[in-house]
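Residue numbers (our numbering), protein chains in the order written: chain A, 1 to 249; chain B, 1001 to 1298.
Structure below.
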C-alpha cells in the first residue's frame, strides 16, 4: 500500500515542488505582515486580509493539486498491478484515500503553524490580549476539501479521473456561483463596507458571532467529514472493479 | 556494542532531544511575557498557545532525529492505521475512556466543591455546552498533530525501548516519571497547578509524574492492542481538550465557571485524578499480566 502512496507522490512531484514554492510566499507573507504591524486597527485589518488570502490559497491549491496524483491511474499497467498486488484493490483504494488526505492535511498543518506564529507576533507587537486567529477557518476549509474528496473519489473510480475531477470542479464552482449571486442580489447591508465584512468573518471564526447554530455546525462537521470519508472509501472499494471493466471496454 | 547498551544510548539521546526545547525556550518566552507563562494574562497569550502546541511536537522530532542519528530506520514505528481484527474497538475506547473518567470526575467536583452553588443546571447553557463538547471532539480529530507529536515520541518510541531494558512494571513507572519530568519546565511556569501552593514546584512535578504514570499505562495499553499510536493520540487529545471546565459547563449554570477556576491546585487535582488513576491502575495490571504471560510462553 505504501508503495502505491510513494508512486502517487512521485507522479505529483512537479506540483508538490510548485506547492513548496507557493508555500514560501504564503508562510512568509503573514509573518512579515505581523512583523510590520504597529498598534493601529487599520494595520490589523489589512494583516487579517493577508492571512485570509494566504491560508485560503494554501487550501485552494491543495484542492486542485490532488488531481495530479491520479495521473496515469487509467493506464492498463497500473490497473493490472493494483489488482494483482498483495494489497489488492482495497490496498490500492486505501492508498488513494491516504494520498488525498496527506496533501490537504500537510497544508492545513503548515497554515496552522504559520497562523499560530503570526498571531504570537501580533500579540507581542500590538498588546492584543487575544489576536485574531484563523484556526477555525483553516480547519473548516480542510474539512470541506475532505468532504468534496469523499464525493469525488467514488465517481473517479467508477467513471474515470476526468469525470471525477469535473464533478468536484462543478460542485466548487456552484458554491462560488451561489456566493456570487448572493453578493450581487442578496441583502448585504449587514456587512457594510469590505472592512466590516472582513471583521464579521473574523468574529464568526473566533466564535464572537454566529450563535449556537454555527457552533453546532462547526461541532458536527468533523464527525460528518470523517464518516463521509470512510463511507466513501467503502463505496470506492466496491466500485473500483466496475470502473476497470468500463475502462477495458 | 550489545543491544541493551545501544537501547540505553538511544533512550538518552531521545530524552535529551525531547526535553531540551522545552527547557531552553520556556524560560525565554516567559521572560518575553514578563510573567510565568500559565498565570494571569500570559496564560491567555498567543505566545503561550503557540509554544504549547509547538512544544508538544518535540518528542516526535526527538523520535525521528534519534532514529536518524543512530541509523535505526523506521521499524516498529506504530504508524499503521488499521481497523481490522477488532482493532476498531481501541479507537472507540480512545473516545470512551476519557469520557467515562471525566463524567465521574465532574460528579466528584460537584459534590465536593460546588455543594453551595445555587444552580447546577441551566437549559440554555447546557445546549451551548453540549455543542461545545462535540466541537472539542471534532477539533481534536482535526488538530491531532500536537497530541500525535507527544504520543509518537512517548508511546511509539520511549515505552517500547524501556520495555527492552526493564521489566514491564518498572518500564511503565520509569516512563511515567520521565514523561512527568518532561512537563517540569511548564509546571514551574504554573501549568496545571498554578504557582501558589505549598511545596511549589516539587509537589506539582510529583503530581504530574503520578498523573503521567496512570495516563501512560492507559495509553500504552491502547497502543499495544491497536499496534498503532493513533488511538493514544486521540485519547490524549480528548483528555487535554476536555478539561474539567468543559465538563463542568455541560451542566450549564454559569456560576459553576467560577468554581472551575478554583480547581487549578494540587489538592483539587489529586481528588480529580482519582477516577483516571483507578483506570490507569487497571491498565497497569493488565499490561503486567500480559508481559508475564509472554515471558512464560517464551
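All C-beta atoms in this analysis are idealised placements derived from N, C-alpha and C, irrespective of residue type, glycine included.
Taking a Cβ-Cβ threshold of 8 Å, the residues of chain B close to residue 143 of chain A are 1142, in chain order.
Buried is the label assigned to residue 154 of chain A, since at least 16 other Cβ atoms lie within 10 Å of its Cβ. With 16 or more other Cβ atoms inside 10 Å of its own Cβ, residue 1051 of chain B counts as buried. Bounds of the alpha helix (DSSP H) holding residue 1284 of chain B are 1274–1297. DSSP, read as helix, strand or coil, puts residue 1195 of chain B in coil. At a C-beta separation below 8 Å, residue 1050 of chain B has these neighbours in chain A: 116, 117, 119, 120.
For residue 109 of chain A, the nearest CB of chain B lies under 9 Å from its own CB, placing it at the interface with that chain.
Here the alpha carbon of residue 2 of chain A sits roughly 10 Å from the alpha carbon of residue 96 of chain A. Sequence-distant partners of residue 1160 of chain B (beyond 5 residues in either direction) whose C-beta falls short of 7 Å from its own C-beta, in its chain, are 1076. Nearest to residue 1006 of chain B by C-alpha distance, out of B:1146, B:1035, B:1072, is B:1072. Contacts between residue 1235 of chain B and chain A, judged by CB atoms closer than 9 Å, are missing: the closest CB pair is about 16 Å apart. The count of Cβ pairs closer than 8 Å, one atom from the stretch 1149–1156 of chain B and one from the stretch 1225–1233 of chain B, reaches three, so the stretches are in contact. When the beta-carbon positions are compared, residue 1145 of chain B and residue 112 of chain A come within less than 9 Å of each other. Using a CB distance cut-off of 9 Å, residue 139 of chain A counts as an interface residue toward chain B. If you check each beta-carbon in the stretch 208–234 of chain A against every beta-carbon of chain B, the ones closer than 7 Å belong to 212, 215, 216, 218, 219, 220, 221, 222, 223, 226. According to the DSSP assignment, residue 1094 of chain B belongs to the alpha helix (DSSP H) that extends over 1088–1112. Among the residues of chain B, those whose CB is under 7 Å from the CB of residue 123 of chain A are 1045, 1046, 1047, following chain order.
Taking C-alpha positions only, residue 1104 of chain B is separated from residue 1275 of chain B by approximately 7 Å. Using a CB distance cut-off of 9 Å, residue 1028 of chain B does not count as an interface residue toward chain A. Counting only Cβ-Cβ distances below 7 Å, residue 1200 of chain B has no contacts in chain A at all, with the closest Cβ about 26 Å away. It is roughly 13 Å from the alpha-carbon of residue 171 of chain A to the alpha-carbon of residue 64 of chain A. Between residue 146 of chain A and residue 229 of chain A a beta carbon distance of about 6 Å is seen, short of the 8 Å cut, so the two are scored as contacting. Per DSSP, residue 1154 of chain B lies in no alpha helix (DSSP H) segment and is marked neither H nor E. In the three-state DSSP reduction, residue 246 of chain A falls in the helix class (H, G or I).
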